[in-house]
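Visitor: Here the protein sequences line up with chains A and B, keeping their order.
Using this note's numbering, the letters of the first sequence correspond one by one to residues 47 to 372.
Using this note's numbering, the letters of the second sequence correspond one by one to residues 10 to 368.
Idealized CB from N, CA, C, for every residue including glycine.
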Amino acid sequence: MAQITLIEAITQALAHEMANDASVVVLGEDVGVNGGVFRATAGLSEKFGTQRVLDTPLDETTIAGVAVGMAVQGMRPVAEAQFDGFVYPMVDHIVCHAARFRTRTRGRLSCPLVLRVPWGGGIRAPEHHSEANEAIFTNVPGLRVVMPSSPSRAYGMLLAAIRDPDPVIFFEPKRIYRQYKEEVPDDGEALPLDVCFVLRDGTDVTLVTWGAQVKETLEAADALAKEGVSAEVIDVATLKPLDFDTIHESVKKTGRCVIVHEAPRTAGFGAEVAARLAEHAMYDLVAPVERVTGYDTHIPLFRLEMKYLPSVERIVAAAKRTLAAS
Amino acid sequence: MSIAATFEIEYLQYLDADGKLVRSDLPEFARDAKQLVELYKTMLFVRVFDTKAVALQRTGKLGTYASCLGHEAAHVAIGSAMREDDVFAPMYREYGAQFVRGVKPREVLMYWGGDERGNDFSGPAHDFPWCVPIATQCLHAAGAALAFKIRKEPRVAVSVVGDGGSSKADFYGAINMAGAQTLPYVSVIVNNQWAISVPRTIQTGAKTLAQKGIAAGVECLQVDGNDLIAMRAAMDHAIKRARHGHGGMLIEAVTYRLSDHTTADDARRYRPDAEVKAAWEREPMKRLRTYLTAQNVWSDKHEEAWKAECEKIVDVEVNAYLETKTQPVEAIFDYVYAELPPDLTAQRAQALALEQRRG
Ligand SMILES: Cc1ncc(C[n+]2csc(CCOP(=O)(O)OP(=O)(O)O)c2C)c(N)n1
Ligand SMILES: [Mg+2]
């Protein structure tokens, strides 16, 4: 079986579900003949036609708004925001409408759309192409907010997102789009959208992360292992709704927790994880919770961006601080 | 039924693709061959710069770069028609307009080279920086125009947006505000036929992009964007009436993107070669050169000499860019607020300590 990258897994999931369900329609800028600026929709236009793989006029308000309308009328639109920095005009339709049709109409209407968002920094992109803005969405009731970090999770979680009866914001960590390949059978098997994944077992400290930072966090766990520290690594994967139990179980075992994310620190999603730990795991902890995050600044242009993104070095140092504290 | 209103869109061209004059009413500036030569020289400079910038990206010395190949006439006309105290709100490839306004080539390179200091350019300090979130600059220009109107300043705001960008709510809102408020705002759509891979026909069912201004109540004009004389004449007209309180105007400059969208794009994937080849026949440099040569104010010798001069100037700029040291890590923090809040001071100190430990 062919080995595929994360982005190829996304294409595979889209193709699978479009073949499976005639109501699935892909729309966005450059998703058609061009196959998406990252090639996520490569070949779909040829396979499914321009009615189901729609190049839209260049207006994010239009893309989000018509996706809402289609979804409410029984279609399964998968809309693409070309880059993280361009979702902001979409927020109106997502927050005021997609997220609350079910609530507003007491269940009469729903809005099963998926918004795919290539996410995050580290690819030497121009301005506004490197935003880690997941926390803008995790504060919105009615949304699911997910971010896969491997080819197989991308495939299974995108299938689940399309099949989910509620709106899903599907963040794609573009820095690891092509980081590595793995075998991803095109079996149509969805993954659950309410669990964290334990990627590595450990006993001394729990490292909690998501998205592209899974890479650095696993590397940090390797580095710690060389120094005799056993780190457990959790990929949150679905940020909202959060599977806190998996994180709690791990912290019960390790007593220490380091949260790693790329987004700015203040009110980043790590604050939610830390708050839950404060509420529920106070007596399991033997050291203060640490956060390794982006700074409370704009992500710099690329000459400085690697100094902004959490590094292996910073993660290892934070883990060691939790060990030194007890 | 009676007719409530009727509209038409005029198309302006002076120089056709072969460099022949198609109208006899040459505007004042174009009767002065010297002035035309100066504008042509700027266009040639832009092209030399653009070629060099693409080469820098290809050799790994520049990040993603948006070429302006084919847009020289439109851009230089826009920049040269404006006064220093007018406000320019560009998108991301209007180097021709910006060079005229004092922006240095090295600053363009810094911007695409991943250094924020490119945005702190040598052009007018009130000009807006490059604007990547499509069409948002249109509203900022309308806002600037509103400020001029409120303060009774005889200034004009000019924005540029693409054919793709003219689909965006921000574009419509800006031109509508200009119509509603009689703002000194000139909105230029540089219609280069493509928005990355999406052709103009997919953006709208409208026959012209210029007519989008009709519903807003501003004057509209479609111009041959490859004809420097027509572009400049249109800009002069629009800016003059705006400055004199007659309100906004929408200009559609019809041109062609001869390059890939950016260096990260490969247009061969979606665009027929024949179309590009045909567009080269209409490009802006050749027709103006032909015209100036026929007027006996330009020659191959002039061309060669000036090109060599441009290359020298560009080399100096490129070297200045390449020699620019990366900003220190503190620069990540120091411009977020007017004054650094204590909370951020702590983070800044951490980043500095980490940097020092790395050595
Ligand atoms: C709001 C927003 N959406 C998407 C993009 C990505 N993008 C960059 S340029 C571009 C096409 C712009 O086409 P057009 O407006 O015609 O201008 P051109 O680049 O052709 O000059 C797109 C979709 C963006 N920068 N901003
Ligand atoms: Mg265009």
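Figure out for me which residue from Asp212/A, Tyr226/A, Lys261/A and Arg246/A has the closest Cα to the Cα of Phe147/A.
Guide: Here residue 147/A is taken as the residue at index 101 of the first sequence, counted from 1. Phe147/A has its Cα closest to that of Asp212/A, out of Asp212/A, Tyr226/A, Lys261/A and Arg246/A.
Visitor: At a CB-CB cut-off below 8 Å, which residues of chain A make contact with Ala360/B?
Guide: For the purposes of this step, residue 360/B is taken as residue 351 along the second sequence, with counting starting at 1. Here the neighbours are Tyr341 and Lys353.
Visitor: From the DSSP secondary-structure annotation, give me the bridge partner or partners of Asp233/B.
Guide: To locate residue 233/B, count along the second sequence from 1; it is residue 224. According to DSSP, which records beta bridges pairwise, Asp233/B is partnered with Val263/B.
Visitor: What span of residues does the beta strand (DSSP E) with Ile56/A cover, start to end?
Guide: For the purposes of this step, residue 56/A is identified with residue 10 of the first sequence, where counting begins at 1. It is not in any beta strand (DSSP E) - Ile56/A instead sits in the alpha helix (DSSP H) that spans Leu52 to Asn66.
Visitor: Tell me whether Glu75/A counts as near ligand 1, meaning its Cβ is closer than 7 Å to at least one heavy atom of that ligand.
Guide: Counting from one through the first sequence, the residue named residue 75/A turns up at place 29. Indeed, a heavy atom of ligand 1 lies less than 7 Å from the Cβ.
Visitor: So for Pro36/B, helix, strand or coil by DSSP?
Guide: Here residue 36/B refers to the residue found at position 27 of the second sequence. If DSSP states are grouped into helix, strand and coil, Pro36/B belongs with coil.
Visitor: Tell me the start and end of each unbroken beta strand (DSSP E) in the stretch 40-122 of chain B that is at least 3 residues and wholly inside, in chain order.
Guide: If we require 3 residues or more, the beta strand (DSSP E) runs fully inside the stretch 40-122 of chain B come out as 96-98.
Visitor: Is there a C-beta anywhere in chain A that falls below 8 Å from the one on Pro142/B?
Guide: One-based indexing of the second sequence puts residue 142/B at position 133. It does; some Cβ of chain A falls within 8 Å.
Visitor: Put Ile18/B into one of helix, strand or coil per three-state DSSP.
Guide: For the purposes of this step, residue 18/B is taken as residue 9 along the second sequence, with counting starting at 1. Here Ile18/B sits in coil by DSSP.
Visitor: Would Ser183/B pass as a contact of Leu148/B if the rule is Cβ separation under 8 Å?
Guide: Counting from one through the second sequence, the residue named residue 183/B turns up at place 174. Counting from one through the second sequence, the residue named residue 148/B turns up at place 139. Strictly speaking, residue 183/B in this sequence is Ala, with Ser absent from that position. Cβ distance < 8 Å, so Ala183/B and Leu148/B count as in contact.
Visitor: Between Ala62/B and Leu71/B, what straight-line distance do the alpha-carbon atoms span, to the nearest angstrom?
Guide: To locate residue 62/B, count along the second sequence from 1; it is residue 53. To locate residue 71/B, count along the second sequence from 1; it is residue 62. If I take the Cα positions, the gap works out to 8 Å.
Visitor: Run the proximity test for Val170/B: is its beta-carbon closer than 7 Å to any non-hydrogen atom belonging to ligand 1?
Guide: Here residue 170/B refers to the residue found at position 161 when the second sequence is read from its first residue. True, at least one ligand heavy atom lies under 7 Å from that Cβ.
Visitor: If you measure from the beta carbon of Gln202/B to each beta carbon in chain A, is any gap under 8 Å?
Guide: Position 193 of the second sequence, counted from the start, is the residue given in the question as residue 202/B. Chain A, which has no Cβ nearer than 8 Å to the Cβ of Gln202/B, makes this no.
Visitor: Taking only beta carbons into account, state which residues of the stretch 94-112 of chain A come closer than 9 Å to chain B, listed in chain order.
Guide: Cβ contacts with chain B: Asp101, Thr102, Pro103, Leu104, Asp105, Glu106, Thr107 and Thr108.
Visitor: Measuring alpha carbon to alpha carbon, tell me which residue in Gly316/A, Ile222/A and Arg199/A is nearest Ala236/A.
Guide: The sequence position of residue 236/A within the first sequence is 190, counting from 1. Of Gly316/A, Ile222/A and Arg199/A, the residue nearest in Cα terms is Arg199/A.
Visitor: Cβ closer than 7 Å: which chain B residues qualify as neighbours of Asp76/A?
Guide: Numbered from its first residue, the first sequence carries residue 76/A at position 30. Near Asp76/A (Cβ distances below 7 Å), the residues of chain B are Ile205, Ser206 and Val207.
Visitor: In terms of residue numbering, what span does the alpha helix (DSSP H) encompassing Arg122/A cover?
Guide: Working through the first sequence from its first residue, we reach residue 122/A at position 76. Unbroken run through Arg122/A is the beta strand (DSSP E), Arg122 to Glu126; no alpha helix (DSSP H).
Visitor: How many whole angstroms separate the CB atoms of Arg302/A and Val332/A, which I take to be in contact at a CB cut-off of 8 Å?
Guide: Taking the first residue of the first sequence as 1, we reach residue 302/A at position 256. Taking the first residue of the first sequence as 1, we reach residue 332/A at position 286. Confirmed, about 6 Å.
Visitor: Quick one: which unbroken alpha helix (DSSP H) runs of 4-plus residues sit fully inside the stretch 116-182 of chain A? Chain order, please.
Guide: Runs of the alpha helix (DSSP H) inside the stretch 116-182 of chain A: 147-150.
Visitor: Can you list the alpha helix (DSSP H) stretches of 4 or more residues lying completely in the stretch 174-203 of chain B, in chain order?
Guide: Listed in chain order, they are 178-190.
Visitor: What is the DSSP secondary structure of Met328/A, reduced to helix, strand or coil?
Guide: Translated into the one-based positions of the first sequence, residue 328/A becomes position 282. Note: Met328/A maps to coil in three-state DSSP.
Visitor: Listed from N- to C-terminal order along the chain, which residues in the stretch 279-293 of chain B have their beta-carbon within a distance smaller than 7 Å of any beta-carbon of chain A?
Guide: Correct list: Tyr279.
Visitor: Answer yes or no: do Lys221/B and Leu259/B have a C-beta to C-beta separation smaller than 8 Å?
Guide: Here residue 221/B is taken as the residue at index 212 of the second sequence, counted from 1. Here residue 259/B is taken as the residue at index 250 of the second sequence, counted from 1. Result yes, Cβ atoms of Lys221/B and Leu259/B sit closer than 8 Å.
Visitor: Do Pro197/A and Phe84/A count as a contact pair if the criterion is CB distance below 8 Å?
Guide: Taking the first sequence and counting its residues from 1, one reaches residue 84/A at position 38. Taking the first sequence and counting its residues from 1, one reaches residue 197/A at position 151. No, these two residues do not count as a Cβ contact at 8 Å.
Visitor: State the start and end residues of the unbroken alpha helix (DSSP H) segment that holds Ala355/B.
Guide: As a first step, residue 355/B must be located in the second sequence, where it is residue number 346. Taken as a continuous stretch (DSSP letters only), the alpha helix (DSSP H) holding Ala355/B covers Pro351 to Arg367.
Visitor: Using 8 Å as the cut-off, can you tell me whether the stretch 266-277 of chain A makes contact with the stretch 213-232 of chain A, which would need three or more C-beta pairs spanning the two stretches below that distance?
Guide: They do not touch, by the three-pair rule.
Visitor: Is Gly166/A near Glu351/A, with beta carbons less than 8 Å apart?
Guide: Here residue 166/A refers to the residue found at position 120 of the first sequence. Here residue 351/A refers to the residue found at position 305 of the first sequence. The answer is no: Cβ separation not under 8 Å.
Visitor: For Leu52/A and chain B, any beta-carbon pair shorter than 8 Å?
Guide: Translated into positions along the first sequence, residue 52/A becomes position 6. Not an interface residue.
Visitor: If you draw a straight line from the alpha carbon of Thr87/A to that of Ala288/B, how long is it in whole angstroms?
Guide: Numbered from its first residue, the first sequence carries residue 87/A at position 41. Numbered from its first residue, the second sequence carries residue 288/B at position 279. Those two C-alpha atoms are separated by around 29 Å.
Visitor: Can the beta-carbon of Leu369/A be found closer than 8 Å to that of Asp250/A?
Guide: Position 323 of the first sequence holds residue 369/A. Position 204 of the first sequence holds residue 250/A. Yes. Within cutoff.
Visitor: Would you call the CB atoms of Leu301/B and Leu78/B closer than 8 Å?
Guide: Residue mapping note: residue 301/B aligns to position 292 of the second sequence, counting from 1. Residue mapping note: residue 78/B aligns to position 69 of the second sequence, counting from 1. In this structure, Leu78/B does not lie closer than 8 Å to Leu301/B by Cβ.
Visitor: Can you pull out the residues from the stretch 168-194 of chain A whose beta carbon lies closer than 9 Å to at least one beta carbon of chain B?
Guide: If the cut-off is 9 Å between Cβ atoms, the stretch 168-194 of chain A has Arg170, Ala171, Pro172, Glu173, His174 and His175 near chain B.
Visitor: By DSSP's criteria, Glu218/A is part of a beta bridge. Which residues make up the other side?
Guide: Translated into positions along the first sequence, residue 218/A becomes position 172. BP columns for Glu218/A point to Pro164/A.
Visitor: Using the C-alpha atoms, what's the distance from Tyr201/A back to Gly234/A?
Guide: Position 188 of the first sequence, counted from the start, is the residue given in the question as residue 234/A. Position 155 of the first sequence, counted from the start, is the residue given in the question as residue 201/A. Using only the alpha carbons, I get a separation of about 9 Å.
Visitor: Determine the chain B residues that contact Arg459/A at a beta-carbon separation under 8 Å, and present them in chain order.
Guide: What is shown of chain A runs 47 to 372, which leaves residue 459/A out entirely.
Visitor: Provide the residue(s) that pair with Cys402/A in DSSP beta bridges, ordered along the chain.
Guide: What is shown of chain A runs 47 to 372, which leaves residue 402/A out entirely.
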